[in-house]
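For the record, the sequence lines run as chains A and B.
According to our numbering, the residues represented by the first sequence are 13 to 126, in order.
According to our numbering, the residues represented by the second sequence are 117 to 230, in order.
Every residue gets a Cβ at the ideal spot worked out from N, C-alpha and C, and that includes glycine.
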Amino acid sequence: DAMVIQNPRYQVTQFGKPVTLSCSQTLNHNVMYWYQQKSSQAPKLLFHYYDKDFNNEADTPDNFQSRRPNTSFCFLDIRSPGLGDAAMYLCATSRVGEGRETQYFGPGTRLLVL
Amino acid sequence: AQSVTQPDIHITVSEGASLELRCNYSYGATPYLFWYVQSPGQGLQLLLKYFSGDTLVQGIKGFEAEFKRSQSSFNLRKPSVHWSDAAEYFCAAGVKTSYDKVIFGPGTSLSVIP
């Protein structure tokens, strides 16, 4: 089945130690998104890639970066995680241009910062 | 400003009872509308979506939603709730920009009493 995959499902890191979260998709979608979701809150968009074009939300901290080496993969890099960065990180994809612009989500990666 | 509201933060229903989750949107035009469900520790799963046409939309797991333009609402319903429906439900509006920007409501937490 076509899907959005996130690895790992759980990630523990230390305060200030860089961490990378991974997302891959078999949907061949041209847009990939990263969201941060804290407990009992709605997902908050951090940034997205439209093909190779990176689009950062205005209020996304510089501590968060992303890479998309090819259509299928997208990475979220947190350069110096703080305690406040502990959250669920959700990857989503969509295909612009087909008139069915729906975002499909992966299972998420739960990040714990010690 | 574009926004999505879900007036009920938490709802508790008995198993077998009917369910209605409320959603209102604020947008200049008719947005694309979605309902997502999130089980604890999981990603978001698309329940149903409305783009145009028939205002009563059928989704997965026995859910349906009705779009009412006059009320700017997109309420989610299910005639008989199962214990496995306990989860967080997010209403979302898709806004047409250069990509598929989605505005999420704050979510409604559903508890089901056996």
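Legend entry - Within chain B, the residues that residue 48 (chain A) reaches when beta carbons sit closer than 7 Å: Start at 1 with the first residue of the first sequence, and residue 48 (chain A) comes out as number 36. Those do not exist, as residue 48 (chain A) stays about 12 Å from chain B at its closest Cβ, beyond 7 Å.
Legend entry - Sub-9 Å separation of residue 152 (chain B) and residue 117 (chain A) beta-carbons: As a working mapping, residue 152 (chain B) is identified with position 36 in the second sequence. As a working mapping, residue 117 (chain A) is identified with position 105 in the first sequence. Yes, they are a contact pair.
Legend entry - Alpha-carbon spacing of residue 90 (chain A) relative to residue 101 (chain A), whole angstroms: Working through the first sequence from its first residue, we reach residue 90 (chain A) at position 78. Working through the first sequence from its first residue, we reach residue 101 (chain A) at position 89. Looking at the two C-alpha atoms, the distance is approximately 11 Å.
Legend entry - Proximity of residue 156 (chain B) and residue 53 (chain A) at Cβ, strictly below 9 Å: On the second sequence, residue 156 (chain B) is found 40 positions in, with the first residue counted as 1. On the first sequence, residue 53 (chain A) is found 41 positions in, with the first residue counted as 1. Not closer than 9 Å, so no.
Inset, instruction - Would you mind stating whether residue 107 (chain A) and residue 40 (chain A) have Cβ atoms separated by less than 9 Å? - result: For this step, residue 107 (chain A) is matched to residue 95 along the first sequence. For this step, residue 40 (chain A) is matched to residue 28 along the first sequence. Taking 9 Å as the Cβ cut-off, residue 107 (chain A) and residue 40 (chain A) qualify as a contacting pair.
Inset, instruction - Measure the C-alpha to C-alpha separation of residue 128 (chain B) and residue 71 (chain A) and round it to an integer number of angstroms. - result: Indexing the second sequence from 1 puts residue 128 (chain B) at position 12. Indexing the first sequence from 1 puts residue 71 (chain A) at position 59. Residue 128 (chain B) and residue 71 (chain A): Cα-Cα distance of roughly 35 Å.
Legend entry - C-beta neighbour in chain B for residue 38 (chain A), strict 9 Å: Counted from its first residue, the first sequence places residue 38 (chain A) at position 26. Closer than 9 Å: no.
Legend entry - Cα-Cα separation between residue 97 (chain A) and residue 170 (chain B), rounded to whole angstroms: Here residue 97 (chain A) corresponds to residue number 85 of the first sequence, with the count starting at 1. Here residue 170 (chain B) corresponds to residue number 54 of the second sequence, with the count starting at 1. Going from the Cα of residue 97 (chain A) to the Cα of residue 170 (chain B) covers about 42 Å.
Inset, instruction - Measure the alpha-carbon distance for residue 62 (chain A) versus residue 114 (chain A) and round it to whole angstroms. - result: Here residue 62 (chain A) refers to the residue found at position 50 of the first sequence. Here residue 114 (chain A) refers to the residue found at position 102 of the first sequence. In a straight line, the C-alpha of residue 62 (chain A) is about 14 Å away from that of residue 114 (chain A).
Inset, instruction - Report all residues from its chain with a CB closer than 7 Å to the CB of residue 188 (chain B); omit the five preceding and five following residues, and keep chain order. - result: In the second sequence, counting from the first residue as 1, residue 188 (chain B) sits at position 72. 140, 141, 142.
Inset, instruction - On a CA-only basis, which of B:135, B:174, B:175, B:123 is nearest residue 197 (chain B)? Give me that one, please. - result: Position 81 of the second sequence, counted from the start, is the residue given in the question as residue 197 (chain B). Closest by alpha carbon: B:135.
Inset, instruction - In angstroms with no decimal places, state the Cα-to-Cα distance between residue 160 (chain B) and residue 75 (chain A). - result: Your numbering for residue 160 (chain B) matches position 44 in the second sequence. Your numbering for residue 75 (chain A) matches position 63 in the first sequence. Cα-Cα distance, rounded: 25 Å.
Legend entry - Classification of residue 137 (chain B) by the beta-carbon crowding that lies within 10 angstroms, buried from 16 upward: On the second sequence, position 21 is the one that residue 137 (chain B) refers to. A buried status is given to residue 137 (chain B), since no fewer than 16 other beta-carbon atoms sit within 10 Å of its beta-carbon.
Inset, instruction - Mind checking which residues open and close the beta strand (DSSP E) that includes residue 212 (chain B)? - result: Working through the second sequence from its first residue, we reach residue 212 (chain B) at position 96. 203 to 212 is the extent of the beta strand (DSSP E) around residue 212 (chain B).
Legend entry - Residue-chain proximity (residue 104 (chain A), chain B), Cβ-Cβ < 9 Å: Working through the first sequence from its first residue, we reach residue 104 (chain A) at position 92. Yes, residue 104 (chain A) lies at the interface with chain B (some Cβ there is under 9 Å from its Cβ).
Legend entry - Interface partners of residue 54 (chain A) on chain B, CB under 8 Å: On the first sequence, position 42 is the one that residue 54 (chain A) refers to. Contact note: residue 54 (chain A) reaches chain B through 206, 220, 221, 222, 223, using a C-beta cutoff of 8 Å and chain order.
Legend entry - Sequence-distant residues of its chain with Cβ nearer than 6 Å to residue 204 (chain B) (five each side left out): Residue mapping note: residue 204 (chain B) aligns to position 88 of the second sequence, counting from 1. So the qualifying residues of the chain are 154, 223, 225.
Inset, instruction - Note down, in chain order, every chain B residue with its Cβ under 7 Å from the Cβ of residue 115 (chain A). - result: Taking the first sequence and counting its residues from 1, one reaches residue 115 (chain A) at position 103. Those within 7 Å of residue 115 (chain A) in chain B are 216, 218.
Inset, instruction - Give the secondary structure of residue 122 (chain A) by DSSP, where H, G and I count as helix, E and B as strand, and everything else as coil. - result: The residue you call residue 122 (chain A) lines up with position 110 of the first sequence. Here residue 122 (chain A) sits in strand by DSSP.
Inset, instruction - Output the distance between the C-alpha atoms of residue 183 (chain B) and residue 163 (chain B), rounded to the nearest integer angstrom. - result: The residue given as residue 183 (chain B) occupies position 67 in the second sequence. The residue given as residue 163 (chain B) occupies position 47 in the second sequence. Taking the straight line joining both Cα atoms gives about 15 Å.
Legend entry - Within 7 Å of chain B by C-beta, residues of the region 79 to 106 of chain A in sequence order: 102, 106
Legend entry - CB contact below 9 Å: residue 160 (chain B) versus chain A: The residue given as residue 160 (chain B) occupies position 44 in the second sequence. Judged by the 9 Å Cβ criterion, residue 160 (chain B) is in contact with chain A.
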